[in-house]
Structure formats: C-alpha cells, structure tokens
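In what follows, a single structure is set out as structure tokens and then discussed.
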Amino acid sequence: MGVYFAVSSQVWALPNQSLESIEYLTHQGMAAIEIGFAQPVIYMSNFPLESGATLQIFIGPRTAVDVDVDKLPYTQAMRAPDSGEIPLRQVTFHINEAGETSIVVDFKRVVNFTISAGRRFNTLMIVFPELRITQAVPLKKARTVEIVDSKAFRLLVSGRKALKQHKNKMAIRIFTGMLELPESPERQEAMELLGVARERNQQKAHARAMYQEYLKQYPKSEGAARVKQRLQDLLHAQLKPRAKLKPIKKSKDRKTTSRIYGSFAQYYYHGENSVENAGSSVDQSLLLNQLSVNWRIRNADYDIRNFVYTNQSYDFSSETGKAVTLETAYSQFKNSRWGFSGRAGRQTGSGGGVLGKFDGLRASYDATRRIAVNAVAGYPVNISDKRSIQSQKPFWGIGFEWDGEGKGVDILPYYIQQKVDGIIDREAIGSEFRFFHEQGNFYGLIDYDIHYADLNIYLFRGQYNWRKNTIFNLNLDYRNSPLLFTSHALIGRTDVSSIGELLNVHSERSINELAESRVGDSSTFSLGVSHTLSTRYQLNADLTFARQNFIIDGVTPGVLISENDQQIYFSGQLIANKWFNDRDTSVLGMRLSQTGSYDELSLSASNRLLLNNKWKFDTRMRVDLRQGNSGEDLTRYRPSVKWNFRHNQTMYYETEIGVEWWRYGGDSNNPDFRRLFANVGYRWDF
C-alpha cells in the first residue's frame with residue numbers, strides 16, 4: 068500500500084480516547100509502567116491476572132454518554148521506550164466494531180504483574196513485583212531512574228545529596244527516617260549509607276553497628292561484599308592509623324545519549340451495506356495514516372523527551388480528506404539534580420484543574436522533600452478544530468503536591484483561572500487525592516467553581532484487593548454536563564459566534580446566567596469484581612448505573628426545557644486460556660442494558676490464538692437482542708476474524724473481515740440490513 072496523503076475538509080473525527088504516553092517509574096521499590104490516555108479511563112479487568120508474555124486490559128464500561136460514538140474500528144500502537152529493567156515491547160489500543168475498548172501489552176518475555184488505576188484519572192499502572200529497581204551505592208556511579216513515584220527514592224536522592232555536600236547530620240536524619248519505611252531497595256541502600264554518614268560524622272560505634280545490621284539483614288545481597296569491606300576498613304582504622312587517602316576524582320561519567328524512534332502506520336477501512344429490496348452501496352472507504360516520533364536525550368542529570376503523534380485520513384467514498392492533525396506534540400525536561408521538570412507543547416492536562424488537551428507549559432519543582440510546586444499556563448484545545456490555537460481563552464494555574472512520606476497518601480490542591488474574550492470563563496479550586504497500598508488504591512478529584520459557586524466535578528475511583536484472587540473496583544463520577552464555562556452561553560445561539568460579540572448585547576452578569584442555564588449534570592456509579600477461579604479461568608462482573616439531566620431548546624424559541632435519561636448495565640465475562648494451545652485466550656461475555664428507549668441483551672464469544680510468536684488470530688461472534696419501547700425488535704449478528712502477523716522486529720501487518728446482519732421485528736417498518744466490512748493495515752517501527 069502506497070503512502071497517500073490528502074488535505075481537504077474534515078470528514079471524520081478520531082476517537083478522543085487514544086494513547087498518550089508510556090512512562091517508566093518505580094512504585095514502592097518495584098519497577099512499573101504508567102500508560103497515559105488522552106481522556107479519562109476506567110480500569111475494568113485484565114487477563115491473564117498475574118503473569119504472561121501478552122496482557123489484555125479491558126477498559127470501560129461505555130455508557131450512554133459515549134454510546135454510538137467512535138463506532139469506527141480503531142487501532143493505535145505505541146512502541147515502548149528502551150529499558151534495562153522492563154522487557155516491554157509495545158502497547159496497542161483497540162476499539163472494535165462493537166465499540167468495546169481494550170489495550171494489549173506485549174512483553175519480550177513472560178513477566179509477573181499487577182494492574183491498577185494510575186496516578187491520574189487518565190492513566191493505568193502496571194507494576195512488576197519481581198523487577199525491583201536497584202540503585203548503585205557509590206555516589207559517583209549512582210544512576211537515575213527515568214521517572215520516579217516512590218517517596219523512598221526521593222528521600223534517598225535527598226540523603227545522597229546531603230552526604231555529597233558533607234551535611235552528615237542531615238543525611239543521618241534522612242536515612243534514619245527511611246529505616247521506618249516498608250522493605251525496598253531504597254531502604255536497603257539507606258541502611259548502608261546511614262553507616263557511611265555515621266562514620267563520616269565520627270560516630271564509629273554507630274557506623275559499625277549499622278554495617279553489622281546490614282550484613283545480618285542482607286547477607287547475600289549485591290552490596291554485602293562492599294559493606295563487609297567498609298566494616299573491615301573501619302575496624303582496621305581503629306587499630307592502626309590509615310594513610311591519607313588521595314582525593315577522589317570527580318566522575319567523568321557524563322555521557323549523553325540521544326535516540327530517535329517511532330512508528331508509521333496505515334489502516335484502510337472498507338464497508339458495504341445491503342438493504343433489503345433497495346440494493347447495496349459503499350458506506351465506508353477510509354484510509355487512516357498515523358505517525359509517532361520519540362526523540363530522547365539523556366545523561367546522568369537530565370532526561371529530555373520530545374514526542375509527536377499526528378494523524379490524517381482520506382475518505383475515498385466522498386473524495387474528501389482531513390488535513391494532518393497534530394494530536395500531541397511536546398518537549399519534556401527532567402533534571403534530578405535540580406528537582407525540576409517541565410513539559411511544553413500540545414499535551415493532555417492530567418491534573419491541576421486542566422480538563423483536557425491544551426497548548427502550553429506545565430512545570431514542577433521539588434521545593435522540599437515533601438512538597439512540590441506545580442504551575443501550568445496555556446490555551447485549551449478545541450476538539451472539533453485541533454489545527455488552531457484558542458488564543459482567546461488563556462488560562463493559568465498553580466498547585467502543590469504534598470507527599471505523605473511513605474504513608475501512601477498524596478494530596479494535590481490547585482487553583483486555576485481561564486478567561487474568554489477578557490472575562491472569566493472558568494475559575495476553580497480543587498484537589499486530587501491518591502492512596503496506594505498493597506491491598507488497594509484510590510484516586511479522588513474535587514473541582515469547585517468559585518466564580519459560579521458550583522461543584523463542577525466529584526470523582527472517586529478505587530480498587531480493593533480483597534483476597535489474592537479477588538479484586539473489587541468502584542467508580543463514582545458526578546459532574547456538570549457540559550462542564551460549567553462562561554463560553555457555553557453560546558450553546559444553541561446562531562446570532563453570535565463569540566463571547567466578545569455577545570458582550571455587545573448582554574452584560575457579563577447576564578452572560579453568566581445564560582451559561583448556567585445551559586448546564587445539566589450527569590452521574591455514573593459502577594461496581595466491578597474480578598475473581599480468578601484457577602490458573603486457566605477468570606470471572607468478571609460489572610454493574611453500572613448512569614443518569615443524565617439534559618438542558619435542551621424547547622418548542623418555543625428562547626425557552627429551555629430539562630430532560631433526563633438513565634441507563635443500567637450489567638455485564639459478565641468468563642475468560643479462559645489454553646483451550647486450543649498453551650497461548651490462546653477465550654472470552655465469553657454477556658451484557659444486559661436498560662435505557663430510556665430500549666432494553667438489550669448482548670452475547671459474545673471471542674478467541675485470541677498465538678502461533679510461532681508471529682501470528683495472532685482473533686475470532687469473534689456477537690449477538691444483540693434489542694426490544695425498543697416503541698415496540699420495535701432488533702436482532703444483530705456480528706461475526707468477524709482478524710489476523711496479525713509480525714514479520715520481524717519492525718514490520719507488523721493486520722487484516723480483519725466481518726459481517727453484520729440486522730433483523731427487525733415487532734412493530735417495525737425498517738427493512739433488514741446487511742453490512743460487510745474489511746480492514747487492512749500495517750505498521751513500521753523505526
């Protein structure tokens with residue numbers, strides 16, 4: 068397939084729920100990755116539960132807020148950054164024909180893992196219990212971790228810095244406090260460095276006791292020989308004066324590395340429908356192009372990452388195309404020595420009161436061991452027109468990150484202000500809350516608009532590991548719908564196109580009242596459970612209740628009316644592996660839906676079969692049985708099969724074919740319908 072680009076009017080919008088980033092970090096002394104998305108994400112379940120070379124994570128559930136959108140099958144793959152600790156190959160984001168969302172994580176070998184929600188509402192975290200990050204003890208050889216979440220590591224960095232600056236008493240306080248933390252590689256190193264600090268502070272007896280305690284607790288560790296030598300030198304020095312040591316030369320290990328990598332992909336989607344007694348026609352013939360590029364520059368002190376993700380599509384059926392869209396483009400800088408990090412460009416506002424993509428700058432500075440100061444400024448991105456910058460809507464914000472110092476609790480308060488054409492568009496205070504524990508975790512967010520004196524968002528997501536094989540997930544989401552902005556006073560108006568124009572005929576107070584009158588609210592509650600029956604079987608269940616209050620235009624011009632809708636969803640999955648070979652996974656699913664306009668039962672069965680480390684076969688069958696409140700019945704059948712082939716480490720190919728049958732009954736006058744679809748694509752990693 069040749070590379071084909073075209074520029075014309077926009078004919079199709081990409082799903083907003085796409086991959087944004089892959090970050091390596093440490094979590095409670097263990098290696099981990101955090102996968103970032105462009106929109107909020109809800110973790111449902113994963114399979115296999117604990118170990119494997121391929122991991123599938125199910126995301127959802129999809130409610131009436133996003134039902135019937137993103138119906139185009141969508142695939143986005145992101146190549147993983149190189150890592151000496153984590154054998155990650157790539158992460159692939161999928162939306163299938165039924166609108167179901169999942170990600171597939173491919174590793175280079177079998178690993179053990181645990182899955183949870185991430186540090187933000189738009190992230191997922193994968194932790195590797197057996198891949199513990201170890202830090203070299205000699206200060207001149209100490210290496211940095213790309214991104215660090217562990218408080219123990221932050222304390223360790225502070226202690227090293229104090230030791231290097233000959234602030235021995237400060238180092239002693241820091242390392243002594245670290246001994247109260249849970250077991251981790253950082254705590255182990257802190258015990259050794261506490262002995263070093265005691266020795267330099269002329270507390271020989273304390274140093275000797277600490278070295279002996281280290282050898283008692285970690286007799287077979289990598290650092291045991293080094294600590295034993297320190298102890299022998301200390302004892303020898305107390306018996307015989309040591310010769311004056313030559314000054315240690317400063318490390319010249321300042322090598323800077325630079326690497327560019329990324330991927331280019333093309334996917335073609337074709338669909339042809341046939342209506343009973345009405346002939347057939349092509350309803351889809353679309354080419355999607357994707358390009359992502361990473362450029363990383365690193366040395367012992369800093370890490371610079373430049374990332375660009377762009378896409379373009381062309382619709383052959385209407386001979387119209389969409390211009391190249393810059394979805395994400397930023398430069399990220401981190402300096403472990405200064406405790407400073409920043410990101411500039413088009414990015415996702417993952418916290419601090421920023422509620423979506425924006426063009427601008429985000430920065431963070433570690434003011435103390437426990438407090439980081441955060442700042443953000445920029446312009447929000449218009450989802451319907453990502454090629455322009457909304458310079459009429461500048462915003463800025465400031466926040467703090469308070470670390471619970473080993474207690475697993477983080478609090479992130481913030482203040483943010485956004486203007487539109489010179490008046491307040493949004494002014495809010497709020498806070499995020501994070502809690503991590505071996506038995507679970509939760510994330511909370513409160514956003515309160517002080518300009519309108521109204522609660523904008525309340526969000527809670529929690530995971531509880533009840534037993535080794537049973538996990539509960541809870542999600543509670545209440546928010547204004549749409550979110551409260553002064554610019555929403557333009558909703559439904561055709562006489563003006565900007566707040567500036569509206570100010571010519573209305574006062575600011577009147578515009579605020581117009582904006583408030585356009586805002587409804589929505590709430591979603593979901594409870595899920597995942598239970599592993601055996602090494603081969605896992606059972607998942609999920610119950611979701613969603614309610615929306617809409618504000619719409621009434622029959623009389625200028626009169627608004629309120630309508631409401633609610634949905635209840637119950638779904639269950641039986642996931643099994645090793646039915647056909649040692650590497651296949653099968654999923655049997657059921658979903659009950661009750662909405663304001665119909666009731667529906669959905670049954671599905673799928674199988675993913677891996678062969679020779681090169682082929683993947685995905686076979687799927689879904690049946691939907693719908694009864695409408697109007698008396699119309701609808702039955703839909705959707706079988707499909709998909710092939711993936713990995714030619715080598717850089718080339719990937721995939722093909723999917725399927726068919727849909729729509730059969731109407733009851734009080735329906737709609738004709739039966741059939742649709743054939745075929746998708747083909749490739750991806751080149753470089």
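Using the working numbering, count along the sequence shown one by one with no gaps and you end on 753.
The beta carbon of each residue, even a glycine, is placed where N, CA and C say it ideally should be.
Keep in mind the model is a prediction, meaning the values are calculated, not measured.
Scanning V421, W533 and Q530 for the CA closest to the CA of P480 turns up V421.
Distance check between L301 and each of G262, Q284, Y110 and G290 places G262 closest, using alpha-carbon atoms only. The beta-carbon distance between Y446 and G464, rounded to whole angstroms, is 13 Å. This is too long to meet the 8 Å contact definition.
In this structure, DSSP gives R227 a helical state, which the three-state scheme calls helix. Distance from the CA atom of Q414 to the CA atom of H303, rounded to whole angstroms, is 58 Å. DSSP, reduced to helix, strand and coil, places E259 within a helical segment of the structure shown. Annotation: the continuous alpha helix (DSSP H) that includes H273 extends over K271 to Q284. In this structure, the beta-carbon distance from A444 to L428 falls below 7 Å. Judged by DSSP in its simplified three-state form, P252 adopts helix. Per DSSP, reduced to three states, the secondary structure at N674 is strand. Cβ neighbours of S225 within its own chain (closer than 8 Å, five residues either side excluded): I241 and R436. Listed in chain order, the non-local C-beta contacts of D433 below 7 Å within the same chain comprise G406 and A439, local neighbours out to five positions each way being set aside. Each residue's CA atom was taken as its position, placing N508 and P115 some 20 Å apart.
The beta carbons of W710 and F684 sit closer together than 7 Å. When DSSP states are grouped into helix, strand and coil, F740 belongs to the strand group. Between L358 and Y335, the C-beta gap is not smaller than 7 Å, which leaves the two residues out of contact.
Between Q634 and V654 the beta-carbon gap is near 23 Å, outside 8 Å, which marks them as no contact. The C-beta distance from G412 to N441 rounds to 17 Å, too long to fall under 8 Å, and the pair is not in contact. For T561, the secondary structure class from DSSP, reduced to helix, strand or coil, is coil. Taking each of E259, E699 and S671 in turn and checking the Cα distance to D691, the smallest one comes out for S671. Per DSSP, reduced to three states, the secondary structure at L301 is helical. Per DSSP, the beta-bridge partners of Y720 are F712 and Y749. If you ignore the 5 residues before and after A745, its C-beta comes within less than 6 Å of the C-beta of H337 and I724, all in its own chain and listed in chain order. Going by C-alpha positions, S554 is about 12 Å away from S584. Cβ neighbours of G698 within its own chain (closer than 8 Å, five residues either side excluded): G733, D734 and S735. An exposed status is given to I327, since fewer than 16 other beta-carbon atoms sit within 10 Å of its beta-carbon. Partner residues in the beta bridge of H94, as assigned by DSSP, are M97. For the options S403, G346, D382 and Q351, the alpha carbon positioned closest to that of D368 is the one of S403.
Here the C-alpha atom of R293 lies approximately 12 Å from the C-alpha atom of Y285. The C-alpha of K681 lies about 7 Å from the C-alpha of H714. A238 sits buried, since 16 or more C-beta atoms from the chains shown fall within 10 Å of its C-beta. Within the same chain, F509 and L541 come within 6 Å of G529 by CB-CB distance, once the 5 residues on both sides are set aside. If you keep only unbroken beta strand (DSSP E) runs of at least 3 residues inside the segment 502-559, you get 507-516, 521-534 and 537-548. Spanning the alpha carbons of S169 and Y141 requires a straight line of approximately 11 Å. Counting along the chain, no alpha helix (DSSP H) covers F467; the unbroken beta strand (DSSP E) around it starts and ends at F462 to D470.
In the DSSP assignment, N235 falls within the alpha helix (DSSP H) that extends over N235 to M245.
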